[in-house]
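Single-structure report; data block below.
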Ligand code: ATP
Ligand code: MG
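Residue numbers (the numbering used here): 2 to 406.
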C-alpha cells in the first residue's frame with residue numbers, strides 16, 4: 002500500500018500550554034531532519050497535528066524513521082482522495098483490500114473539519130459502511146472495538162482516509178529540554194541512559210574517554226557506532242573524544258591503588274564539566290546504576306560528585322541490569338555493547354577499588370597530581386565529529402576477529 006500522507010499526533014506536548022508552539026516547531030524541525038534523505042517529502046506542522054506529505058516517497062521507509070522521533074504519540078498513514086463519493090469509495094477499496102478479511106469487524110468514523118461539504122458525517126458513515134459491506138463479503142459492522150476503524154477526514158483540500166494507528170516513540174522532542182553531556186562508554190548502560198535522556202527532550206552530546214595504546218581503535222569505533230544508533234533518535238549527534246592516557250598513567254603512578262578509580266572518575270567528571278561549559282551543556286548524564294559495581298555506591302558517587310555542582314543525571318540509577326538490557330535490545334545497542342573491547346576504566350581498574358571512598362582522603366591523594374595541567378593537556382587533544390543516524394565505524398571483518406582471539 003503506497004500512502005500519500007502521514008498524519009502525526011502529538012503526545013505529552015499537547016499539555017504544555019504556552020510552550021506548545023516551540024514544541025511543535027521543534028518537532029517539525031526534528032521530523033524534517035530525520036526525513037532529509039527524502040527530498041520530496043514536505044512537513045507541515047499545525048496546532049493539533051503535523052502532516053507529512055509523501056509526494057511519492059516510500060511510505061514504509063518514512064514510517065520506519067518516524068517511529069524514532071520523540072514527541073510523537075502516534076501516527077496514521079493516510080490516503081488523500083478528491084472530495085467526491087466515487088473517489089472516497091475507490092480509496093476505501095485500495096486501503097482495505099489487503100486488510101479487511103471475511104469474518105472481520107469494522108466501522109467507519111468520519112470527521113468533518115470543512116462543514117461546507119455537502120455530505121454529513123452520519124451519511125458518510127452509513128453510505129460508506131454499506132459500500133464496504135457490499136464489496137467485502139463476510140465483513141461485519143461493529144461499533145465497539147472493531148478490528149478495523151476506517152477514519153474519514155473531510156478537509157477543505159481533500160478527503161483523508163486512514164485505517165491504522167502506529168505507536169510513536171513518545172517522550173518530548175529532542176532539543177526542548179536543552180543540551181546535556183552524555184558520558185558514553187562502550188558498555189550496555191550508558192547508551193540506554195543516553196536514549197532515556199534524549200527521550201525527555203535533551204539535546205545530547207556524547208563524551209567518550211579513550212586511552213591509546215591501552216584501548217584500541219576498535220573500542221573508539223564502537224563508541225562512535227553506538228552514537229550512530231542513538232543519532233537515529235535525533236537526526237545527528239556530536240561525538241566528543243577525549244584523550245585520557247596521560248591522566249590514567251599519572252594517577253596510577255602517584256596515587257594509592259584503592260583510590261585510582263575514584264580519582265580517575267573525578268578527572269573524567271571535571272573534563273565533562275569543562276566541555277559542558279564551553280558548549281552550553283547544562284547537565285552531565287551517565288550510565289551509573291546503584292550498587293552495580295564498586296564505583297556505583299552512594300559513597301562513591303559522593304566522592305566523585307565532589308568536584309562539581311553541575312547536575313549529574315543518572316537515568317538508569319534504579320534499574321536492574323535486566324531492565325537495562327531489555328531497553329538496550331529494543332534500541333539495538335545491545336549487540337554492539339557486548340562486543341569485548343576494553344574500556345579505559347577496565348584497563349587500569351585495581352583488583353580491589355574502595356567501595357566506600359572517603360572524600361577527605363580522596364582530596365588528599367589527588368593533591369599528588371597536577372590536576373589543572375592534566376586537564377588542560379587533555380582538553381587540547383579533544384576531537385569532535387558529527388555522527389549521523391546508523392553511521393558505521395567498526396571494521397567489519399578481520400580486525401574484529403583477531404581482537405576477539
Ligand atoms: P556502562 O555499561 O555504561 O559502561 P558500567 O556499568 O560499565 O557502565 P562503569 O564502567 O563503572 O559502569 O561506568 C559508569 C559510567 O561512567 C558509565 O555508565 C559511563 O557513563 C561513564 N563512563 C565509563 N567509561 C567511560 C568512557 N570511557 N567514556 C565516557 N564515559 C565513561
Ligand atoms: Mg563500562
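We put the beta carbon where it would ideally sit given N, CA and C, even for glycine. Everything numeric in this text was worked out from a predicted model, so none of it was measured.
Between the C-alpha atoms of residue 353 and residue 187, what's the straight-line distance to the nearest angstrom? Position 352 of the chain shown, counted from the first residue, corresponds to residue 353. Position 186 of the chain shown, counted from the first residue, corresponds to residue 187. The C-alpha of residue 187 is placed about 22 angstroms away from the C-alpha of residue 353.
7 angstroms Cβ cutoff met for residue 182 and residue 273: Taking the chain shown and counting its residues from 1, one reaches residue 182 at position 181. Taking the chain shown and counting its residues from 1, one reaches residue 273 at position 272. At the C-beta level, residue 182 and residue 273 come within 7 angstroms of one another.
Are there any heavy atoms of the ligand MG lying less than 6 angstroms away from the beta-carbon of residue 195, as far as the coordinates show? Taking the first residue of the chain shown as 1, we reach residue 195 at position 194. Incorrect: residue 195 has no Cβ contact closer than 6 angstroms to the ligand MG.
Do residue 193 and residue 328 count as a contact pair if the criterion is CB distance below 7 angstroms? In the chain shown, counting from the first residue as 1, residue 328 sits at position 327. In the chain shown, counting from the first residue as 1, residue 193 sits at position 192. Result yes, Cβ atoms of residue 328 and residue 193 sit closer than 7 angstroms.
Could you check whether the stretch 82-97 touches the stretch 152-171, counting it as contact only if at least three pairs of C-beta atoms, one from each stretch, sit closer than 8 angstroms? Contact holds: three or more Cβ-Cβ distances are below 8 angstroms.
Following the continuous beta strand (DSSP E) through residue 2, name the residue where it begins and the one where it ends. Counted from its first residue, the chain shown places residue 2 at position 1. That residue, residue 2, is in no beta strand (DSSP E); it is neither H nor E in DSSP.
Sorry if obvious, but does the Cβ on residue 292 come closer than 6 angstroms to a heavy atom of the ligand MG? Indexing the chain shown from 1 puts residue 292 at position 291. No, the ligand MG has no heavy atom inside 6 angstroms of this Cβ.
Who are residue 79's beta bridge partners in DSSP? Residue mapping note: residue 79 aligns to position 78 of the chain shown, counting from 1. Per DSSP, 6.
According to DSSP, is residue 269 part of a helix, a strand, or is it coil? On the chain shown, residue 269 is found 268 positions in, with the first residue counted as 1. Reduced to three states, the DSSP call for residue 269 is helix.
Using a Cβ distance threshold of 8 angstroms, determine whether the stretch 166-175 contacts the stretch 68-81, with at least three qualifying pairs required. By the C-beta criterion, the stretch 166-175 is judged to be in contact with the stretch 68-81, since at least 3 inter-stretch pairs fall below 8 angstroms.
Residues bridged to residue 73 by DSSP? For the purposes of this step, residue 73 is taken as residue 72 along the chain shown, with counting starting at 1. When beta bridges are read from the DSSP output, residue 73 appears opposite 11 and 171.
Work out the CA separation of residue 196 and residue 92 for me, nearest whole Å. Your numbering for residue 92 matches position 91 in the chain shown. Your numbering for residue 196 matches position 195 in the chain shown. Each residue's alpha carbon lies about 39 angstroms from the other.
Nearest-angstrom Cβ-Cβ length linking residue 243 and residue 270, presumed shorter than 8 angstroms: Here residue 243 corresponds to residue number 242 of the chain shown, with the count starting at 1. Here residue 270 corresponds to residue number 269 of the chain shown, with the count starting at 1. Their Cβ separation, rounded to whole angstroms, is 12 angstroms, which puts residue 243 and residue 270 out of contact at 8 angstroms.
Kindly provide the ranges of any beta strand (DSSP E) runs that are 3 or more residues long and lie completely inside the stretch 156-235, ordered along the chain. As for any beta strand (DSSP E) of minimum length 3 sitting wholly inside the stretch 156-235, the runs are 159-163, 167-171, 180-184 and 204-211, ordered along the chain.
Can you tell me whether residue 410 is buried or exposed? The criterion is at least 16 other CB atoms within 10 Å of its CB, across all chains shown. One cannot answer for residue 410 here, as it falls past the ends of the chain, which runs 2 to 406.
Have a look at the DSSP bridge pairing and note the partners of residue 98. Translated into the one-based positions of the chain shown, residue 98 becomes position 97. Beta-bridge partners assigned by DSSP to residue 98: none are found.
Check: residue 191 C-beta below 6 angstroms from any heavy atom of the ligand ATP: For this step, residue 191 is matched to residue 190 along the chain shown. At least one heavy atom of the ligand ATP is nearer than 6 angstroms to the Cβ of residue 191, so yes.
What do you reckon, are the CB atoms on residue 231 and residue 202 nearer than 7 angstroms? One-based indexing of the chain shown puts residue 231 at position 230. One-based indexing of the chain shown puts residue 202 at position 201. The answer is no: Cβ separation not under 7 angstroms.
Would you check whether the ligand ATP has a heavy atom nearer than 6 angstroms to the C-beta of residue 186? Taking the chain shown and counting its residues from 1, one reaches residue 186 at position 185. Yes, the beta carbon of residue 186 sits closer than 6 angstroms to at least one heavy atom of the ligand ATP.
Residue 145 lies in the beta strand (DSSP E); which residues open and close that run? In the chain shown, residue 145 corresponds to position 144, counting from 1. Run containing residue 145: none; DSSP gives neither H nor E here.
Quick one: what's got a C-beta closer than 6 angstroms to residue 394's C-beta in the same chain, skipping five residues either side? Sequence index remark: in the chain shown, residue 394 carries index 393 (1-based). If we look at residue 394 and ignore the five residues flanking it on each side, its Cβ neighbours are 222, 225 and 226.
In three-state DSSP terms, what is residue 386? In the chain shown, the residue the question calls residue 386 occupies position 385. In this structure, DSSP gives residue 386 an extended state, which the three-state scheme calls strand.
Nearest to residue 1 (by Cα), restricted to the options 22, 98, 177 and 46: The first residue shown for the chain is 2 and the last is 406, placing residue 1 beyond what the model contains.
One question on the structure: do residue 240 and residue 207 come within less than 7 angstroms of each other, judged by their Cβ atoms? Numbered from 1 along the chain shown, position 239 holds the residue referred to as residue 240. Numbered from 1 along the chain shown, position 206 holds the residue referred to as residue 207. With contacts defined by Cβ atoms closer than 7 angstroms, residue 240 and residue 207 form a contacting pair.
With a CB to CB cut of under 8 angstroms and the five nearest residues on each side skipped, what residues in its chain are close to residue 42? Within the chain shown, residue 42 is the residue found at index 41, counting from 1. Correct list, in chain order: 36, 53, 54, 55, 56, 58 and 63.
Beta carbon of residue 262 nearer than 7 angstroms to that of residue 248: The residue labelled residue 262 in the question sits at position 261 within the chain shown. The residue labelled residue 248 in the question sits at position 247 within the chain shown. No.
How many Å lie between residue 8 and residue 323 at the Cα? On the chain shown, residue 8 is found 7 positions in, with the first residue counted as 1. On the chain shown, residue 323 is found 322 positions in, with the first residue counted as 1. When rounded, the distance between both Cα atoms is 35 angstroms.
In the structure shown, what three-state DSSP assignment does residue 297 receive? For this step, residue 297 is matched to residue 296 along the chain shown. Correct three-state label for residue 297: helix.
DSSP three-state label for residue 47, please. For the purposes of this step, residue 47 is identified with residue 46 of the chain shown, where counting begins at 1. Note: residue 47 maps to coil in three-state DSSP.
Relative to the C-alpha of residue 229, which candidate in 176, 388 and 370 has its C-alpha closest? The sequence position of residue 229 within the chain shown is 228, counting from 1. Minimum Cα distance to residue 229 is reached at 388.
List the residues that DSSP assigns as beta-bridge partners of residue 21. Locating residue 21 in the chain shown gives position 20, where the first residue counts as 1. Looking at the DSSP output, residue 21 bridges to nothing.
Quick check on the DSSP output: the beta strand (DSSP E) that includes residue 285 runs from which residue to which? Position 284 of the chain shown, counted from the first residue, corresponds to residue 285. Bounds of the beta strand (DSSP E) holding residue 285 are 284-286.
Neighbour-count burial assignment, residue 102, 16 or more Cβ in a 10 Å radius: Against the chain shown, residue 102 aligns to sequence position 101. The residue in question, residue 102, is exposed, as its Cβ has fewer than 16 Cβ neighbours within 10 Å.
Which of helix, strand or coil does DSSP assign to residue 154? Working through the chain shown from its first residue, we reach residue 154 at position 153. Secondary structure at residue 154: strand, using DSSP grouped into helix, strand and coil.
N- and C-terminal bounds of the alpha helix (DSSP H) containing residue 1: Given a span of 2 to 406 for the chain in the structure shown, any question on residue 1 remains unanswerable.
So for residue 339, helix, strand or coil by DSSP? Residue 339 sits at position 338 when you count from the first residue of the chain shown. Three-state result, residue 339: coil.
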